[in-house]
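Some notes on the structure that comes next.
There are 2 protein chains.
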Amino acid sequence: MKKFINDPDDFVDEMLEGILLANPNHLRSIRDDNRGLVRIDAPVKNKVAIVTGGGSGHLPLFLGYVGKGMLDGASVGEVFAASSVQQMLDVTRAVDGGEGVLYVYGNYSGDVMNFEMAAELAETEGIRVESVVARDDVGSMPKEFEDQRRGVAGIFYLYKIASAKAATGASLDEVKAVTEKVNNSVRSIGVALSPCILPSVGKPNFKLGEDEMEIGMGIHGEPGIKRGKIDSADKIAESLVVAILEDLYTNQEIKEVSVLVNGLGSTPLEELYVVYRKIHHHLENKGIKVYKVFIGEYATSLEMTGLSVSLLNLDEELKDLLDMPFETPFHVQQ
Amino acid sequence: MKKFINDPDDFVDEMLEGILLANPNHLRSIRDDNRGLVRIDAPVKNKVAIVTGGGSGHLPLFLGYVGKGMLDGASVGEVFAASSVQQMLDVTRAVDGGEGVLYVYGNYSGDVMNFEMAAELAETEGIRVESVVARDDVGSMPKEFEDQRRGVAGIFYLYKIASAKAATGASLDEVKAVTEKVNNSVRSIGVALSPCILPSVGKPNFKLGEDEMEIGMGIHGEPGIKRGKIDSADKIAESLVVAILEDLYTNQEIKEVSVLVNGLGSTPLEELYVVYRKIHHHLENKGIKVYKVFIGEYATSLEMTGLSVSLLNLDEELKDLLDMPFETPFHVQQ
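So the sequence lines, in the order shown, correspond to chains G and U.
All letters in the first sequence, in the order written, are residues 1 to 334 by UniProt numbering.
All letters in the second sequence, in the order written, are residues 1 to 334 by UniProt numbering.
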């Protein structure tokens with residue numbers, strides 16, 4: 001195992017300490033164990049607060065989206081493990097500005113169970129909580145079971161739109177409604193070429209042959225929908241965008257999209273652009289306009305080699321909210 | 001070779017096309033082969049223009065630093081190969097706003113030779129050109145040969161300060177002077193855990209044992225100063241920062257620095273923060289204040305696993321210039 005680590009048991013602690021030391025003007029820890037981080041100016045009065053949480057090992061997910069114009073707080077789990085109810089509740093209390101809290105998190109059983117319990121406890125304290133659960137991964141379940149799909153990189157769009165809407169002074173119901181709209185309009189699918197290694201385990205979390213790829217693999221190495229010989233970048237790009245469009249087209253018209261090409265950890269930035277090129281041409285040929293593009297690392301899986309593509313079907317409201325500025329430790333938009 | 005590519009001969013073309021398609025509001029191509037990119041609003045009148053260039057395979061280097069508040073143009077070579085004199089000259093002509101052009105590039109023989117020739121040719125056309133050659137890599141040559149050192153990730157600071165100074169309306173001589181100050185005040189050193197694979201070659205560019213690391217390795221796999229068993233993150237962090245400080249302390253006092261922890265391609269973001277944590281504590285213990293931190297991918301080597309650390313010794317002038325905003329396809333500062 002070749003990693004820049006000390007004792008694997010200290011990995012999350014040391015990572016969190018580094019992030020806090022590097023971002024003293026952006027982030028604040030609200031727990032002695034640093035398992036809850038909030039915006040430096042939290043709670044923001046008279047604004048709906050947006051909260052997320054999830055396991056470590058996916059930076060910039062989840063805590064990396066806390067910041068101005070973005071999330072108010074994140075609760076932080078161990079590597080690939082959900083955070084606790086208490087951590088979620090602590091973050092909820094720390095960010096509530098009197099207008100309620102929206103939980104936005106990925107559809108994984110541990111996260112769902114704990115966020116639901118945290119929401120109940122917060123309500124007993126008089127904090128109104130609503131939730132939107134990201135389910136963008138078309139590779140994780142067929143269309144007829146889309147409620148059971150996992151959340152992956154497309155959650156970035158839920159974060160962005162929810163946070164922007166909250167910043168406009170909208171109510172909790174209004175913020176939830178537009179976030180649900182995003183949830184219905186964003187789809188993702190990934191492809192993996194090599195596994196990752198959890199520091200505490202010390203060996204790869206799955207195996208892929210020397211010339212193999214797996215389409216639809218999840219960000220924890222969950223099985224995908226097709227394993228086969230690695231294709232050309234163009235063929236891979238096309239198969240991913242076709243899978244997303246087929247799924248989206250079944251219930252909505254698509255004229256203009258935002259595209260996110262996300263590296264899973266070890267994929268060179270150059271290759272993400274090679275793939276984006278083909279996606280752009282494919283969309284153009286279908287008469288679909290590309291409004292705004294995000295390319296880089298948005299939701300990783302430690303050093304996994306691979307990428308995911310997300311498309312968000314846009315309308316005028318979403319375009320305006322997508323354009324609003326934000327500033328986080330990993331990404332800034334003016 | 002597991003890569004998202006098509007024909008390896010098309011790798012740079014397709015990457016450039018993807019970058020241009022993704023950044024229509026930021027970048028403009030000035031050559032049919034896209035081997036010269038400039039700011040969308042170039043030439044900027046009455047401003048010294050800053051130009052760089054170099055081989056592909058190092059994104060965000062080199063072209064990724066073209067943008068508002070940053071570089072005016074970049075000439076683009078094949079993977080790990082210098083760009084041509086003609087490409088450099090074309091970029092120079094396209095960005096000259098009447099106040100002259102500063103070339104800022106890394107100390108590699110092909111780049112030096114071609115930029116020197118391009119400067120001569122530009123001068124014959126009446127464009128005044130000055131140059132600053134980045135030599136920040138303390139791992140590449142001992143102190144007594146520091147003029148022969150290679151340029152690595154520390155060139156980010158030369159770009160940032162040169163561009164900010166030019167944006168203030170300073171003259172070519174003033175911009176060159178402050179860029180030389182940065183060149184004398186920034187030092188870097190890298191450590192590699194695994195090699196990269198050039199698309200056209202198809203196999204790793206060097207070999208490292210299963211438990212080995214190499215301190216001081218360059219971003220093209222140039223030999224470093226020490227190969228050995230991989231150490232803990234803390235020990236590696238300390239040895240890198242000590243090597244830099246020993247070199248810097250020989251000719252200047254150090255009270256406040258900016259730190260850049262740069263991933264070489266495959267290193268998880270989490271690990272960069274684990275390493276930063278130790279660097280921060282080491283500097284603090286030495287009474288050195290950290291002013292501003294940059295952590296992420298700033299100068300890569302395709303999918304090489306490794307990282308580099310750069311320290312810039314700051315004074316008030318450099319702090320002010322470092323804080324000025326910029327917007328590029330890969331990094332934005334408000």
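By construction, the Cβ of each residue, glycine as well, lies at the ideal position given by its N, Cα and C atoms.
Predicted model, so just to flag it, every value in this text is computed and none were measured.
Members of the segment 294-305 of chain U near chain G, C-beta cut-off 8 Å: Ile295, Gly296, Glu297, Thr300, Leu302, Glu303, Thr305
CB contact below 8 Å: Val275 (chain G) versus chain U: yes
Ala237 (chain U) beta carbon less than 8 Å from that of Glu214 (chain U): no
DSSP beta-bridge partners of Lys160 (chain U): According to DSSP, Lys160 (chain U) bridges with nothing at all.
8 Å Cβ cutoff met for Lys160 (chain U) and Leu322 (chain U): yes
Ser109 (chain G) - containing alpha helix (DSSP H), residue span: 109-124
Tyr273 (chain U) to Leu121 (chain U) span [Cα, whole Å]: 45 Å
Cross-strand partners of residue 341 (chain G) (DSSP beta bridge): This structure cannot speak to residue 341 (chain G), because chain G is shown only from 1 to 334.
Neighbour flag for Phe4 (chain U) against chain G, beta carbons, 8 Å: yes
Whole-angstrom distance between Cys196 (chain G) and Ser188 (chain U), CA atom to CA atom: Cα-Cα distance, rounded: 28 Å.
Bridge partners - Tyr103 (chain G), DSSP secondary structure assignment: Partner(s): G:Val51, G:Ser131.
DSSP-derived helix/strand/coil call for Tyr298 (chain G): It is coil, neither helix nor strand.
Residues sharing a beta bridge with Asn313 (chain G), DSSP: For Asn313 (chain G), which the question treats as bridged, DSSP gives the partners G:Val257.
Alpha carbon of residue 416 (chain U) to alpha carbon of Tyr157 (chain U), nearest angstrom: Absent from the structure is residue 416 (chain U), since the part of chain U shown begins at 1 and ends at 334.
Beta-carbon proximity of Leu307 (chain U) to Val259 (chain U), cut-off 8 Å: no
Beta carbon of Pro329 (chain U) nearer than 8 Å to that of Ile19 (chain U): yes
Neighbouring residues, chain G, relative to Ile236 (chain U) (Cβ below 8 Å): Phe4
Arg93 (chain U) in three-state terms, based on DSSP: helix
Whole-Å CB distance - Gly97 (chain G) paired with Lys45 (chain G), under 8 Å assumed: 5 Å
Nearest candidate by alpha-carbon position, reference residue 371 (chain G), set G:Val51, G:Met304, G:His282: With chain G covering only 1 through 334, there is no way to say anything about residue 371 (chain G).
Short CB-CB distance (under 8 Å) between Pro268 (chain U) and chain G: yes
Cβ pair Gly48 (chain G), Leu102 (chain G) closer than 8 Å: Reading the sequence as shown, one finds Val at residue 48 (chain G) and not Gly. Cβ distance < 8 Å, so Val48 (chain G) and Leu102 (chain G) count as in contact.
Validate contact between the segment 245-260 of chain G and the segment 227-236 of chain G using beta carbons, cut 8 Å, 3 pairs: no
Touching by the beta-carbon criterion (3+ pairs, under 8 Å), the segment 101-116 of chain U and the segment 79-92 of chain U: yes
Inside the segment 159-192 of chain U only - alpha helix (DSSP H) runs reaching at least 4 residues: 172-185
Short CB-CB distance (under 8 Å) between Gly18 (chain G) and chain U: Using a Cβ-Cβ cut-off of 8 Å, Gly18 (chain G) counts as an interface residue toward chain U, since at least one Cβ of chain U sits closer than that to its own.
Closer than 8 Å at the beta carbon, the chain U residues around Phe11 (chain G): Glu270, Val274
Bounding residues of the beta strand (DSSP E) (the contiguous stretch that carries Arg277 (chain G)): Not the beta strand (DSSP E): Arg277 (chain G) falls in the alpha helix (DSSP H), residues 269-285.
Enclosing alpha helix (DSSP H) for Gly18 (chain U) [first to last residue]: 11-22
Cβ separation of Lys165 (chain U) and Glu327 (chain U), assumed to be a contact under 8 Å, to the nearest whole Å: Not quite, the Cβ-Cβ distance comes to about 17 Å (not below 8 Å), so this is no contact.
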